[in-house]
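Visitor:
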Amino acid sequence: MKHPAFFSLPVALLLVLFVGPATLAQQQSPYAYKIEKSLIATRGAVVSAHPLASQAGLSILQLGGNAIDAAIATQLALAVVYPNAGNIGGGGFMVAQLKDGKQLALDYREKAPAQAHRDMYIEADGRANTDKSQAGHLSSGVPGTIAGLFAAHRHAKLPFKTLIAPAIELAEKGFIITAAEARGLNNLQNDLKKYNTQTPVFVKDSEWKAGDTLVQTDLANTLKRIRDNGQAGFYEGKTAELIVAEMQRGGGLITKADLVAYTAKYRDPHVFQYKEYTLLGMPMPSSGGVLLHQMLKMIEDRPIAAMGFQSPGSVQLMTEVMRRAYADRAAHMGDADFYKVPVQQITNAAYLQERMKSYSNEKPTPSNELQPGTAVGTESEETTHLSVIDQEGNAVAVTTTLNNSYGSRTVVGGAGFLLNDEMDDFSIKPGVPNMFGAVGGEANAIQPGKRMLSSMAPTLVLKKGKPYIVVGTPGGTTIPTQIFQTLVNILEFGMSPQDAVYKPKFHHQWLPDELVVEKGFSETTKAALQKMGYLFGKERGGIGRTELIMVRPDGSFEAVADRRGDDSAAGY
Ligand code: GLY
38 MKHPAFFSLP
48 VALLLVLFVG
58 PATLAQQQSP
68 YAYKIEKSLI
78 ATRGAVVSAH
88 PLASQAGLSI
98 LQLGGNAIDA
108 AIATQLALAV
118 VYPNAGNIGG
128 GGFMVAQLKD
138 GKQLALDYRE
148 KAPAQAHRDM
158 YIEADGRANT
168 DKSQAGHLSS
178 GVPGTIAGLF
188 AAHRHAKLPF
198 KTLIAPAIEL
208 AEKGFIITAA
218 EARGLNNLQN
228 DLKKYNTQTP
238 VFVKDSEWKA
248 GDTLVQTDLA
258 NTLKRIRDNG
268 QAGFYEGKTA
278 ELIVAEMQRG
288 GGLITKADLV
298 AYTAKYRDPH
308 VFQYKEYTLL
318 GMPMPSSGGV
328 LLHQMLKMIE
338 DRPIAAMGFQ
348 SPGSVQLMTE
358 VMRRAYADRA
368 AHMGDADFYK
378 VPVQQITNAA
388 YLQERMKSYS
398 NEKPTPSNEL
408 QPGTAVGTES
418 EETTHLSVID
428 QEGNAVAVTT
438 TLNNSYGSRT
448 VVGGAGFLLN
458 DEMDDFSIKP
468 GVPNMFGAVG
478 GEANAIQPGK
488 RMLSSMAPTL
498 VLKKGKPYIV
508 VGTPGGTTIP
518 TQIFQTLVNI
528 LEFGMSPQDA
538 VYKPKFHHQW
548 LPDELVVEKG
558 FSETTKAALQ
568 KMGYLFGKER
578 GGIGRTELIM
588 VRPDGSFEAV
598 ADRRGDDSAA
608 GY
């Protein structure tokens, strides 16, 4: 590949700097860009997993687009610059409040193909084959992202072709990759060779290095077909043919009929009150909104602020609340179009009080007194979140995913994009944990056309009916517990948005019965909890990558990008 001389300089990435608060919009070059970890903006802000994606969103706001326009452009750019999780071959959810007060929950989660069936991963000996549900052609659900972005576009102001232009340019002309991206691609090489029928652009004979330029011509052409033909540019015509051909070469199930039949759905956001705040979360098929509702309500009447941040008392209370909510997740939650999820019942006040009757502030409630369990997986938890706000009063939270990092590791030959391995988010066999260690049963069993249960939790907090906090994170089953902690950090412990995001997190999900903490978590609190009988899992280097925007009392926006990755804020 030939690049202009200065692009190939190995030092180019030295220009990727961590800088402090900024107030001015910067135009980022794809060949020398900066990471902005926090900023204050007055007219609009975008936070995402990659500086160039945030920049794409910002440029759309500056062109006169609203937060929905910017969210669409940011997600499309992420599909190019952040192939770990940014995608057009996966799915996601959008939660938004528009300037007129209209509240949206848009579901573009992947669906099981028509030929899928509940025992499709069960071998002749009765074993559930998670290799097949977690990578390769058979792990992919029917992608929803492009349908979702076109469904969102009805609330946008600019033509779709304007919103997709930055992504096309990034794919066609390339951008330099960061050290984290180089590591990700290097770790992927064996899987790429194993799970692809045609060699994708991500395969390289020598090691990827920070500062290398990644050009994705096939992806650029796919994006152009979407620009020129709309949704049909993905679900019909050449792109659909390439997807189906890939499935046929690799033994996958997605057919032309599956692609044409895919629709994104507007649902009612899951809305609840926490003290003086109104929260908008994602309803089924995501467990995110309901879990957050349950956890916050189970602490609402307890003096958690007085207990203090990550004191033994507050962590123990929050852990017990997590345990109870996740037990309900396994038993009751799934795609409500296919299974009657008792949302009202498991979120009503009397029920939640009853759940807390077994809580003791002196000892753990053993999970095996509720349900049996199994061990947590060790796979990464790649999904990605973006938060956007504008001066008109629109606020948008989008979480999108391929499931695992780089999804199924299968790139559609000739089309240049990775497919998801979202089928693993179904309960492939009752009691068998998915890659996040989550178990499930009937509610989340595989059925043709059904959406797999998610943990994604794009969330808005409203104060007096107006957007106050826009937040979300990747992290598989840790997503709702992280949002829970970030919000408790702000609303109860009075932390700054940056502290709320950056402080080490912890996680409990009922099964396995272990508390997982992130590096930097208080050793004193850990020792106190161990003394009470809590078992700790392996410490994690990082949990999630939260992107948060908070509206300040003067109406300006404080945008915070997580310290845990290349995440970056943009605003003006
Ligand atoms: N694939 C992760 C989730 O949807 O929860």
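When the letters of the sequence shown are read in order and numbered with this note's numbering, they come out as residues 38 to 609.
A virtual CB, placed ideally from N, CA and C, is assigned to each residue, including glycine.
All values derive from a computational prediction rather than experimental measurement.
One question on the structure: do Glu218 and Ser605 come within less than 8 Å of each other, judged by their Cβ atoms?
Guide: Here the question's residue 218 lines up with position 181 in the sequence shown. Here the question's residue 605 lines up with position 568 in the sequence shown. Contact flag unset, no.
Visitor: Quick check on Ser75: does DSSP put it in helix, strand or coil?
Guide: As a first step, residue 75 must be located in the sequence shown, where it is residue number 38. Note: Ser75 maps to strand in three-state DSSP.
Visitor: Looking at the structure shown, is Lys503 part of a helix, part of a strand, or coil, going by DSSP?
Guide: Within the sequence shown, the letter at position 466 stands for residue 503. Here Lys503 sits in strand by DSSP.
Visitor: Measuring alpha carbon to alpha carbon, tell me which of Val352, Thr356, Arg366, Asp338 ends up nearest Leu328.
Guide: Position 291 of the sequence shown, counting from 1, holds the residue named residue 328. Measuring from the Cα of Leu328, the nearest candidate turns out to be Arg366.
Visitor: Taking the continuous alpha helix (DSSP H) assigned at Ser351, which residues delimit it?
Guide: Along the sequence shown, read from residue 1 onward, the residue named residue 351 stands at position 314. Note, Ser351: alpha helix (DSSP H), 349-369.
Visitor: Decide if Leu572 is buried, meaning its Cβ has at least 16 other Cβ atoms within 10 Å, or exposed.
Guide: Translated into the one-based positions of the sequence shown, residue 572 becomes position 535. Exposed, by the Cβ-count rule.
Visitor: Between the C-alpha atoms of Ser593 and Lys500, what's the straight-line distance to the nearest angstrom?
Guide: For the purposes of this step, residue 593 is taken as the residue at position 556 of the sequence shown. For the purposes of this step, residue 500 is taken as the residue at position 463 of the sequence shown. Distance between the alpha carbons of Ser593 and Lys500: 15 Å.
Visitor: Cβ-heavy atom distance between Gly513 and the ligand GLY below 7 Å?
Guide: Stepping through the sequence shown from its first residue, residue 513 is reached at position 476. True, at least one ligand heavy atom lies under 7 Å from that Cβ.
Visitor: Please go through the same chain and pick out, in chain order, the residues whose beta-carbon is closer than 7 Å to the beta-carbon of Trp245, but skip the five residues on each side of it.
Guide: For the purposes of this step, residue 245 is taken as residue 208 along the sequence shown, with counting starting at 1. Correct list, in chain order: Ile214, Ala219, Leu222, Asn223.
Visitor: Out of curiosity, what's the CA-to-CA distance linking Ser445 and Asn457?
Guide: As a first step, residue 445 is located in the sequence shown; it is residue number 408 there, counting from the start. As a first step, residue 457 is located in the sequence shown; it is residue number 420 there, counting from the start. Going by the C-alpha atoms only, they are around 5 Å apart.
Visitor: Examine the ligand GLY and report whether any of its heavy atoms sits within less than 7 Å of the Cβ of Ser91.
Guide: The residue labelled residue 91 in the question sits at position 54 within the sequence shown. No - the ligand GLY has no heavy atom lying nearer than 7 Å to the Cβ of Ser91.
Visitor: Shortest alpha-carbon distance to Gln292 belongs to which of Ala387, Val179, Ser404?
Guide: If you number the sequence shown from 1, residue 292 lands on position 255. Note that residue 292 corresponds to Thr in the displayed sequence, not to Gln. Minimum Cα distance to Thr292 is reached at Val179.
Visitor: Start and end of the beta strand (DSSP E) containing Val433?
Guide: The residue labelled residue 433 in the question sits at position 396 within the sequence shown. Here the beta strand (DSSP E) through Val433 covers 432-438.
Visitor: For Arg164, count neighbouring Cβ atoms within 10 angstroms of its own Cβ and tell me buried if that reaches 16, exposed if not.
Guide: For the purposes of this step, residue 164 is taken as the residue at position 127 of the sequence shown. The residue in question, Arg164, is exposed, as its Cβ has fewer than 16 Cβ neighbours within 10 Å.
Visitor: Does the stretch 300-317 come into contact with the stretch 150-167, if we say contact requires no fewer than three beta-carbon pairs (one atom in each stretch) closer than 8 Å?
Guide: Because the criterion of three Cβ pairs below 8 Å is not met, the stretch 300-317 and the stretch 150-167 do not touch.
Visitor: Identify the continuous alpha helix (DSSP H) that holds Leu317 and give its terminal residues.
Guide: Here the question's residue 317 lines up with position 280 in the sequence shown. Looking at the DSSP string, Leu317 is not in any alpha helix (DSSP H); the run it does join, the beta strand (DSSP E), is 314-318.
Visitor: Just tell me which of Leu548, Val435, Gly486, Pro467 has its CA closest to the CA of Gly611.
Guide: One cannot answer for residue 611 here, as it falls past the ends of the chain, which runs 38 to 609.
Visitor: Taking only beta-carbon atoms, is Gln226 less than 8 Å away from chain C?
Guide: Within the model displayed, chain C is absent; a lone protein chain is all it includes.
Visitor: Using 8 Å as the threshold, is the stretch 569-585 in touch with the stretch 511-524, meaning 3 or more CB pairs across them?
Guide: In short, these stretches touch, since the Cβ pair count reaches three.
Visitor: Nearest to His87 by alpha carbon, out of Ser395, Ser96, Gln112, Ile105?
Guide: The residue you call residue 87 lines up with position 50 of the sequence shown. The shortest Cα separation from His87 among Ser395, Ser96, Gln112, Ile105 belongs to Gln112.
Visitor: Just mark Ser395 as buried or exposed, buried being the case when its beta carbon has 16 or more other beta carbons within 10 Å.
Guide: Counting from 1 along the sequence shown, the entry for residue 395 is found at position 358. Label assigned to Ser395: exposed.
Visitor: Helix, strand or coil: how does DSSP classify Val118 here?
Guide: What you label residue 118 is simply residue 81 of the sequence shown in a count that begins at 1. DSSP places Val118 in helix when its eight states are reduced to three.
Visitor: Are the Cβ atoms of Phe130 and Leu143 separated by less than 8 Å?
Guide: Reading the sequence shown from its first residue, position 93 is the one you call residue 130. Reading the sequence shown from its first residue, position 106 is the one you call residue 143. Yes, the Cβ-Cβ distance between Phe130 and Leu143 is below 8 Å.
Visitor: Any heavy atom of the ligand GLY within a distance shorter than 7 Å of the CB on Asp604?
Guide: Within the sequence shown, numbered from 1, the residue matching residue 604 stands at position 567. No, the beta carbon of Asp604 sits no closer than 7 Å to any heavy atom of the ligand GLY.
Visitor: Taking the alpha helix (DSSP H) that Ser91 belongs to, which residues open and close that run?
Guide: Counting from 1 along the sequence shown, the entry for residue 91 is found at position 54. That run of the alpha helix (DSSP H) goes 88-99.
Visitor: What do you get for Ala412, buried or exposed, if any count of 16 or more other CB atoms within 10 angstroms of its CB means buried?
Guide: Within the sequence shown, the letter at position 375 stands for residue 412. Any reading at Ala412 is ruled out, since the residue's pLDDT is 27, under 50, leaving its predicted position unreliable.
Visitor: DSSP puts Val553 in a beta bridge; with which residues?
Guide: Position 516 of the sequence shown holds residue 553. His544, per the DSSP bridge assignment.
Visitor: Asp462: beta carbon under 7 Å from a heavy atom of the ligand GLY?
Guide: The sequence position of residue 462 within the sequence shown is 425, counting from 1. Asp462: yes, Cβ under 7 Å from the ligand GLY.
Visitor: Any heavy atom of the ligand GLY closer than 7 Å to the beta-carbon of Thr420?
Guide: The sequence position of residue 420 within the sequence shown is 383, counting from 1. Answer for Thr420: yes, Cβ within range of the ligand GLY.
Visitor: One question on the structure: do Leu585 and Val508 come within less than 8 Å of each other, judged by their Cβ atoms?
Guide: Counting from one through the sequence shown, the residue named residue 585 turns up at place 548. Counting from one through the sequence shown, the residue named residue 508 turns up at place 471. In this structure, Val508 lies closer than 8 Å to Leu585 by Cβ.
Visitor: Taking its Cβ as the centre, do 16 or more other Cβ atoms sit within 10 Å of Ala193, making it buried, or is it exposed?
Guide: Locating residue 193 in the sequence shown gives position 156, counting from the first residue. Looking at its Cβ environment, which holds 16 or more other Cβ atoms inside 10 Å, Ala193 is buried.
Visitor: Regarding Met493 and the ligand GLY, is the C-beta to nearest heavy atom distance less than 7 Å?
Guide: Reading the sequence shown from its first residue, position 456 is the one you call residue 493. At least one heavy atom of the ligand GLY is nearer than 7 Å to the Cβ of Met493, so yes.
Visitor: Give me the DSSP bridge partner(s) of Asp305.
Guide: Locating residue 305 in the sequence shown gives position 268, counting from the first residue. DSSP lists no partner for Asp305.
Visitor: Starting from the N-terminal side, write out each stretch of the beta strand (DSSP E) that is 3 residues or longer and does not extend beyond the stretch 191-219.
Guide: Complete beta strand (DSSP E) runs here, min 3: none at all.
Visitor: For Val238, which option in Glu551, Gly451, Phe530 has the closest C-alpha, if you only look at C-alpha atoms?
Guide: What you label residue 238 is simply residue 201 of the sequence shown in a count that begins at 1. Val238 has its Cα closest to that of Gly451, out of Glu551, Gly451, Phe530.
Visitor: Where Ala294 and Glu459 are concerned, what is the direct C-alpha to C-alpha distance, given to the nearest angstrom?
Guide: Here the question's residue 294 lines up with position 257 in the sequence shown. Here the question's residue 459 lines up with position 422 in the sequence shown. For Ala294 and Glu459, the distance between alpha carbons rounds to 19 Å.
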